[in-house]
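In terms of mature numbering (1 follows the signal peptide of the UniProt record, and there is no 0), the sequence shown is residues -25 to -1, 1 to 483.
For every residue, glycine included, the Cβ atom is placed at its ideal position computed from N, Cα and C.
Structure first, commentary second.
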Amino acid sequence: MVALRSLIASATLVSFAFTGTAALADVTADQVWQDWKAYLATFGYEVSGDEQQSGNTLAISNIAMTVSVPDTSGFATLRMSRMDLTENDDGTVSIILPDTTPIALVTEVEPGKTTTATMEFGQSELDMTVSGTPDAMQYDYAADAISLVLNALDVDGETIDIGAANITLANIKGSSTSLDAGETRDVRQKMTAGPVTYELDFTDPTEGGHLALTGSFANTAFDSEVSLPPEIDNTDIAASLDAGFRFDSGMTYQDAGAAYRIEGDGDTLEGTTASASGSISSAIGVDGLEYEAEGRDISVALTGSDLPFPVTFGMARSGVRMQMPVSQGEEAQDFAFAMELGDFTLSDTIWSVFDPAGQLPRDPATIAFDLSGKGRLFVDLLNAEQMEDLGASGDTPGELQSLNLNSLVVAAAGAILTGDGAVTFDNSDLTSFGGVPAPEGAVDLKLVGGNGLLDRLIAMGFVPQEQAMTVRMMVGMFAVAGEGEDTLTSRIEVNEQGHVMANGQRLR
């Protein structure tokens, strides 16, 4: 809870400092500056700076943005050295930053516990222009490159060894618009960049471990939509959602790669990863939380002191999707969870360890499932007070009303298991199934190639004959022969009387 609220607060602070959110837009330099301060104040930030007007330019130096850290008596302050707001003849305002801007982020969670991050923001040929009116504003910006470098990190007076920590985005182009939607202010942003490079070299001051990481994207695109109520309470995200706060974002990338080395306790691990393309999207609002990520043509290579040989594997597809409610309500709400590891392959080196004779088919393997359903929450998951009360009482946070297995695929070593089904739950009946809401529904499964795989495992010595016989007997209780060679099907059903059936035969 605290981490989520801190993340939202930090992301807001940094985005306003560097990307020039459209909420700053207006026709005069002073209006831009005043609107920035008023806008950030809705998030609980206090903004200050030394102002000096010279002709058509308002120079602001010693900029400080301070926000309290949720659930503590501490604060976080972001300091920037300078920016100039210049009024143009066409009624627009240009935001001008130095080629390099020193930045300090100071966080004091409790008295005497201070963390200071000293950074440097760099830009090359940055052109940022504000146009429009107070009710319909637009930012347009472009740059050959921007960068952020962490130069030093001090925690409670102790300097942390940061060999390198930086990110650079080249060929940036983007726009941002802000519209007064009545009860909320809606901000939309789009940005493209590429290549993007990053580097991290870090030594743990307590354990002595070391991490070195480098990576890049050939290009990336980002878009977001934010609905902002008049005031946002960083200490009560649930209340902000009820007031209309919503955030949607999406990112795509191509040709991503990374290399890393981890050292600690005399051990080392080195690895490389690569992906041809991918995407990440997320959303949060009163109707729930959503997250989805996907990668294509992924490859991974690992070597290390604890690995007897190099490990390499790859996937044509990898993805995860999640949807869940966060707010209490009388009506049922949707949830979903899906995952896929598609066309997973291992190197011949790994195969030769447990199958040197090549008896198992080495076709790409797939594990994928897609679940969805409906449930009802009794509490707001993002309300700290309600969650603390829930933990103290031991009550359940909600109830499951239905669960759908939209698809199931497990394919490996010449066998494939597929399935689907749907189950509903009677939350008024907690006795029929030992405290679990009584289910009603069915799941259909199909296995092709299972007997052939078992025969190969017996021949390889992985499964003794007597254990194989037990497996076949158990399968015979739950499955029947289907159409086609080496095909088994099974329908597991729970009827309204609470009887558990397998292919029409009662098991319970």
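Whole-Å CB distance - residue i paired with residue j, under 8 Å assumed
i, j, result
"Leu264", "Met299", "5 Å"
"Glu95", "Ile78", "7 Å"
"Val84", "Gly49", "4 Å"
"Val275", "Gly253", "Their Cβ separation, rounded to whole angstroms, is 14 Å, which puts Val275 and Gly253 out of contact at 8 Å."
"Leu100", "Asp119", "The displayed chain sequence assigns Glu, not Leu, to residue 100. With a Cβ gap of about 4 Å, Glu100 and Asp119 count as contacting."
"Ser377", "Val398", "7 Å"
"Pro204", "Glu158", "7 Å"
"Gln334", "Met444", "Going by Cβ atoms, the distance from Gln334 to Met444 rounds to 20 Å, so no, they are not a contact pair."
"Ala233", "Thr248", "5 Å"
"Ser69", "Thr104", "5 Å"
"Ile135", "Thr17", "That pair is no contact at about 34 Å."
"Ser36", "Gly24", "7 Å"
"Leu72", "Met40", "Incorrect: roughly 15 Å between the Cβ atoms, too far for contact."
"Gly350", "Phe408", "Between Phe408 and Gly350 the Cβ distance is about 17 Å, and since that is not below 8 Å, they are no contact."
"Gly19", "Asn209", "5 Å"
"Arg296", "Ala313", "4 Å"
"Ser454", "Thr464", "The question names Ser, but residue 454 is Ala in the sequence shown. Right, their Cβ atoms sit about 6 Å apart."
"Ser257", "Gly270", "That pair is no contact at about 16 Å."
Beta-bridge pairing of residue i - partner residues as DSSP gives them
i, result
"Pro77", "Glu95"
"Glu238", "His185, Thr243"
"Gln298", "Glu265, Ala311"
"Val475", "Val469"
"Thr393", "Val384, Lys421"
"Ala39", "Ser23, Arg54"
"Leu277", "Gly246, Val286"
"Arg271", "Ser252, Arg292"
"Leu375", "Gly350"
"residue 489", "Given that the chain is displayed from residue -25 to residue 483, the structure contains no residue 489 and the question cannot be resolved."
"Thr90", "Thr82, Val130"
"Phe329", "DSSP, once it has assigned bridges, lists no residue as partnering Phe329."
Assigned secondary structure, residue i (DSSP; H/G/I helix, E/B strand, else coil)
i, result
"Asp110", "coil"
"Leu346", "strand"
"Glu83", "strand"
"Glu100", "coil"
"Ala(-4)", "Because Ala(-4) sits at a pLDDT of 41, beneath the cut-off of 50, its placement in the model cannot be relied upon, and the following sentence gives the value as read from the coordinates. Three-state result, Ala(-4): helix."
"Ala434", "helix"
"Asn358", "coil"
"Gly366", "helix"
"Phe353", "coil"
"Thr406", "coil"
"Ser254", "strand"
"Ala210", "First, the residue type needs correcting, since residue 210 is Thr and not Ala in the sequence shown. DSSP places Thr210 in coil when its eight states are reduced to three."
"Ala388", "coil"
"Thr324", "helix"
"Ala56", "One detail in the question is off: residue 56 reads as Ser in this sequence, not Ala. Strand, per DSSP."
"Asp217", "helix"
"Phe284", "coil"
"Ala4", "helix"
"Gln480", "strand"
"Leu335", "coil"
"Glu62", "strand"
"Leu203", "strand"
Cutoff 8 Å: residue i Cβ touching any chain B Cβ
i, result
"Ser29", "Chain labels in this structure do not include chain B; a single protein chain is all it has."
The ligand FAD heavy atom lying under 7 Å from the CB of residue i
i, result
"Val418", "The ligand FAD is absent from the structure shown, which contains no ligands of any kind."
At 3 residues or longer, and completely inside the region 6 to 33: list those beta strand (DSSP E) runs for me, N to C.
-> 21 to 29
May I have a chain-ordered list of the beta strand (DSSP E) segments no shorter than 3 residues that lie completely inside the region 127 to 201?
-> 133 to 135, 137 to 155, 160 to 168, 171 to 178, 185 to 192
Can you find at least 3 beta carbon pairs, one from the region 340 to 355 and one from the region 374 to 392, that sit closer than 8 Å?
-> yes
The region 391 to 398 / the region 418 to 425 touching (three or more Cβ pairs under 8 Å) | yes
Any contact of the region 173 to 182 with the region 211 to 231, i.e. 3+ C-beta pairs under 8 Å?
-> no
Contact between the region 229 to 238 and the region 186 to 197 (3+ Cβ pairs under 8 Å) | yes
Please list the segments of the beta strand (DSSP E) lying wholly inside the region 410 to 471, counting only runs of 3 or more residues, in order along the chain.
-> 413 to 423, 462 to 469
Count the CB pairs spanning the region 329 to 339 and the region 356 to 374 that are closer than 8 Å, and state whether there are at least three.
-> no
Do the region 242 to 250 and the region 199 to 212 make contact, defined as three or more Cβ pairs closer than 8 Å?
-> no
Touching by the beta-carbon criterion (3+ pairs, under 8 Å), the region 427 to 441 and the region 399 to 419 | no
Are the region 314 to 329 and the region 363 to 372 touching by the rule of at least three beta carbon pairs closer than 8 Å?
-> no
May I ask you to verify whether the region 144 to 162 touches the region 104 to 122, counting CB pairs closer than 8 Å and requiring at least 3?
-> yes
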